[in-house]
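In what follows, a structure is listed as structure tokens, so that the remarks can point back to it.
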Amino acid sequence: MVLRIHQLSPAIANQIAAGEVIERPASVVKELLENSLDAGASVIGVDVNYGGLLQITVSDNGSGISGDDLPLAVAAHATSKIRTLDDLYSIDSMGFRGEALASIASVAKVTIISKPEEQDNAMMLRVEGENRTLSPCARNIGTTIDVSDLFYNAPVRKRFLKNEKLEFQAIEMVVKRFALSAPRIALTLKHNKKLIFSLPPALSEQAKAIRMGRILGNTFMREAIFLDVEHSGMSLYGWISNHRLQRSQNDRQWIYVNQRMVKDKLLQHAVKQAYDGLLHAGRFPICLLYFTLPASEVDVNVHPTKHEVRFQQPRLVHDFFTSQLTKALQSTLDHSDTREYAYAASSCNEQQNTVSEPSHICNDRESHEGARALSPSWSANLLSSSITNKGYKKTSSVYHPETESQWVILNERFILVFIKQQPYLADIVTLFQEWIENQLMQKALPLESRPLLISIRYPLPNQWIHKQEQLKHELARVGIQIEYPNADDLLIRSIPLNAPYLDVRYFFNVLCELNIFHTEQLIALISRSQMFDPKQLTAEERIEMNQLLLELSLKEEKHNICKALTIDDCRMLLHE
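For the sequence shown, this note's numbering begins at 239 and goes up steadily by one.
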């Protein structure tokens, strides 16, 4: 039997369209906040019940919707933002499709109360499926939209929603991102009638910085690099983290294009390229950037969620981002602190078998490198490419008659080691981390510490306030002595004697994220928080590392750290 083609009903078509726009309660909040912004609101309140699964209410003091237009507000493809096709290429509003309210109303019960200035009284529109009622009511100028029982008529989609906690976390993130994009708006967020935060309008630069600190954290604002540049009709304004402040995820890269929060791969790649050589492997910077360019140069009509954009001149935009961020980073780098410690960390499961949750210590590589063993030909190609493309070259060669060994330092990451005429390719950074970890694991607890010449002050995170004594005790066991000079800071007085190259700030930044206090995990983190120059190693240290290298070369699972090579492989690497 041949199935006949038939026209879908508007209700079904709207539900299908809603699947692209409304994925979860956070999607509803995003669309309603953007509507309030387009209405010129200066005060917005968001009230959520049970993670938005039961109810979402957004109120504002914007221009309002006239009573005659209220039925059209929930109609598909009805909008006040565009009239002709040309308007799509000069959009300066957040919304323009006329899909948001229609999509929400097709999968939830919606009540809209609105009053424009020229109207005597407010009007209320109730929408439940195909049923719609319009009646007068009381309200000041502005709009209140109440969304309840989300996906009541789409049970399959409702089953895909998370629990209350996770759904509210997503809503809170949406509201915070909106707060960063619209600092002039006073914003409140409530959950289950409890006030989560209330942000006053930030009109001055100082007020904006305070708002940024509340949302992104004072640590970021203290360590952040400010930039404000303009070139060829493009402007870039905001803050980026220095090379010491790093995260294990890229969830704190907030980029706004013409006030619109986007997740653009082109811009994310530009940020990553600007930090090339400054971050540990698997680490990401934090940034809050506002990018402005003519509306005609960017197409926001790419995806229904409007998270993706398309630039008319992508290469120009990419180069502008990378060059300006690189300049800002280079201008703040101190010569004594410009070690390029982009660690060649392999997957933690291969490096640390004793840590209960090693994936929390460092991330697997983004590419295939972390999972693939270093075969001689692959290593040669990798290093040859690195040396040629990045300007690396053989920097030193040291011979040790005690072990009949010679080290040829290829770059900050790789070395060639000749032991009794047998060449080995070694990832020096990971090898050093492995050696440090072995040293620390063999010592009796508490580990011996070495006082710092100048104590390092670090802000006390909120999650540690009630764990101060536990933190102090556990850190002392691994050779790190701390004190609490006041309620807001901690002082690092000493570090482990056998970890002389410890990057203290990086260690505490990661520790703050992980919130772990187990001895073995702390030792693993210490070993992976080292930054050093292989030329600084003493002869005794090199001898011990040679021995470790020989041991690791016999282990199949450690071939991503070191591997025996042939003479031909060595000639290829050294361009002989």
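We put the beta carbon where it would ideally sit given N, CA and C, even for glycine.
Query	Result
Could you tell me if D741 is buried or exposed, where buried requires 16 or more neighbouring beta carbons within 10 angstroms of its beta carbon?	buried
Going by the CB atoms, is the gap between P697 and G456 shorter than 8 Å?	The displayed chain sequence assigns Asn, not Gly, to residue 456. In contact: N456 and P697 (Cβ atoms closer than 8 Å).
Going residue by residue through the segment 331-381, where are the continuous beta strand (DSSP E) segments of at least 3 residues, counting only ones entirely within it?	347-353, 360-366, 369-375
Please report the straight-line C-alpha distance between T570 and R482, rounded to a whole angstrom.	11 Å
If L787 and V655 are in contact, beta carbons under 8 Å, what's the gap, nearest whole angstrom?	6 Å
Ends of the beta strand (DSSP E) at S569?	Counting along the chain, S569 falls outside any beta strand (DSSP E), though it belongs to the alpha helix (DSSP H) covering 552-570.
So D276 is in the alpha helix (DSSP H); what residue range does that whole segment cover?	263-276
Work out the CA separation of E366 and A343 for me, nearest whole Å.	7 Å
Measuring only between beta-carbons, confirm whether L275 sits less than 8 Å from chain D.	Note that chain D does not occur in the displayed structure, where there is just one protein chain.
Here's a check: name, in chain order, each residue in its chain whose Cβ is nearer than 7 Å to the Cβ of A417, leaving out the five neighbours to either side.	L425, L437, R449, I453
Any chance the segment 755-767 sits against the segment 701-717, with 3 or more Cβ pairs inside 8 Å?	yes
Which term fits K347, buried or exposed, when burial requires 16 or more other beta carbons within 10 angstroms of its beta carbon?	buried
Counting Cβ pairs, one atom from each stretch, are 3 or more of them under 8 Å apart for the segment 405-412 and the segment 377-390?	no
Measure the Cβ-Cβ separation of P523 and S479 and say whether it is below 8 Å.	yes
In the structure shown, what three-state DSSP assignment does G476 receive?	strand
Just reading off the alpha helix (DSSP H) that Q708 is part of, what are its end residues?	706-715
Shortest alpha-carbon distance to G717 belongs to which of N359, Q701, S373, L763?	L763
Taking only the alpha-carbon atoms, compute the straight-line gap between V345 and G290 and give it to the nearest angstrom.	14 Å
Examine the Cβ distances between the segment 294-310 and the segment 358-373 and report whether three or more of them are shorter than 8 Å.	yes
Among the residues of its own chain, which have a CB less than 6 Å from the CB of Q293, if the five just before and after it don't count?	N287, S386
Tell me which same chain residues have a C-beta within less than 6 Å of the C-beta of E675, skipping the five on either side of it?	S765
Could you pull out every unbroken alpha helix (DSSP H) segment of at least 4 residues lying fully inside the segment 446-477, listed in chain order?	456-461
Where does G520 sit, in a helix, a strand or coil, going by DSSP?	coil
Please classify F406: does DSSP put it in a helix, a strand, or coil?	helix
Where do the N-terminal and C-terminal ends of the beta strand (DSSP E) with N209 fall, by residue?	The structure shown has nothing for residue 209, since the chain only spans 239 to 814.
Taking C-beta to C-beta, are L465 and Q562 nearer than 8 Å?	yes
Kindly list the residues whose CB is nearer than 7 Å to the CB of Q701, restricted to its own chain and excluding five residues on each side of it in sequence; keep chain order.	N753
DSSP three-state label for H507, please.	helix
Relative to the C-alpha of Q509, which residue among M459, N496, L526 is closest?	It is worth fixing the name first, because residue 509 is Val in this sequence and not Gln. Closest by alpha carbon: L526.
Tell me which same chain residues have a C-beta within less than 8 Å of the C-beta of E546, skipping the five on either side of it?	V500, K501, D502, V540
Would you tell me roughly how many angstroms separate the C-alpha atoms of G300 and I260, rounded to the nearest one?	23 Å
Going by beta carbon distance, what residues of the same chain come within less than 7 Å of T564, once the five residues before and after it are set aside?	A512
Could you tell me if Q680 is buried or exposed, where buried requires 16 or more neighbouring beta carbons within 10 angstroms of its beta carbon?	exposed
Give the range of the alpha helix (DSSP H) segment to which W673 is assigned.	666-680
With 16 as the cutoff for other CB atoms within 10 Å, does V394 come out buried or exposed?	exposed
Is DSSP giving D727 helix, strand or coil here?	strand
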